[in-house]
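>
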Amino acid sequence: MLTDSEIHHVAIICSNYERSKAFYTETLGFTVIEETHRAERGSYKLDLRVGRNAQIELFSFPAPPARVSRPEACGLRHLAFQVDDVLSVHNKLKEKGIEVEEIRLDEITDKKFFFFSDPDDLPLEVYQR
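Shown next, in the form of structure tokens:
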């Protein structure tokens with residue numbers, strides 16, 4: 303049924319909108335498609351372009367509850383971004399002061415990858431194309 307589908311977007315709820323907006327746009331370099339202030343909810347929705355076809359929807363809500371993300375909690379495990387040059391992205395994130403794990407090699411695919419976290423400790427992965 304969905305075998306020829308693509309991921310349209312991933313929705314992320316952040317605890318501090320301005321901090322997360324800066325992280326995803328300035329640090330990671332995603333382009334803003336649209337920013338909407340929803341006054342009746344006291345929240346923002348920021349649509350970000352990821353690659354050619356996918357998006358991140360970054361939401362803010364007043365006092366969102368914390369979500370368990372580690373160790374190996376049930377639910378979404380992490381969000382992965384596929385790139386051509388893992389080492390270059392690793393170095394650029396370190397230069398920007400982002401704490402990154404060491405680059406590892408996927409024993410199944412033989413591809414390089416590493417993890418880091420967003421401002422709310424959401425695990426993010428960079429994976430070799």
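Taking our numbering, the leading residue of the sequence shown gets 303, the next gets one more, and so forth.
Idealized CB from N, CA, C, for every residue including glycine.
All figures in this text were calculated on a predicted structure; none of them were measured in a lab.
Taking the alpha-carbon of residue 401 as reference, which of 320, 329 and 319 has the nearest alpha-carbon?
329
> Fully enclosed by the segment 350-430, which alpha helix (DSSP H) runs are 4 residues long or longer?
388-397
> Heavy atom of the ligand HEM less than 7 Å from the Cβ of residue 391, yes or no?
Ligands are entirely absent from the displayed structure, and the ligand HEM is therefore not among its contents.
> How about the segment 412-425 and the segment 335-347: do they share at least three Cβ pairs that are nearer than 8 Å?
no
> Roughly how many whole angstroms lie between the Cα atoms of residue 386 and residue 332?
The straight-line gap from Cα to Cα measures roughly 16 Å.
> Could you check the C-alpha separation between residue 431 and residue 318 for me, to the nearest Å?
31 Å
> When the Cα of residue 351 is compared with those of 326, 364 and 370, which residue comes out closest?
326
> If you compare alpha carbons, which of 425, 360, 366 and 394 is closest to residue 324?
360
> Going by DSSP, name the residue or residues bridged to residue 348.
337 and 360
> When you compare the CB positions of residue 380 and residue 425, do they come within less than 8 Å of one another, or not?
yes
> Rounding to the nearest angstrom, what Cα-Cα distance links residue 392 and residue 309 in this structure?
Their backbone Cα atoms lie some 25 Å apart in a straight line.
> Counting only the same chain and skipping the five closest in sequence on each side, list residues whose C-beta sits under 8 Å from that of residue 382.
Sequence-distant Cβ neighbours of residue 382 in its own chain, meaning closer than 8 Å and more than five residues away, are 415, 426, 427, 428 and 429.
> Look at the alpha carbon of residue 405 and the alpha carbon of residue 413, and state the distance between them as a whole number of angstroms.
10 Å
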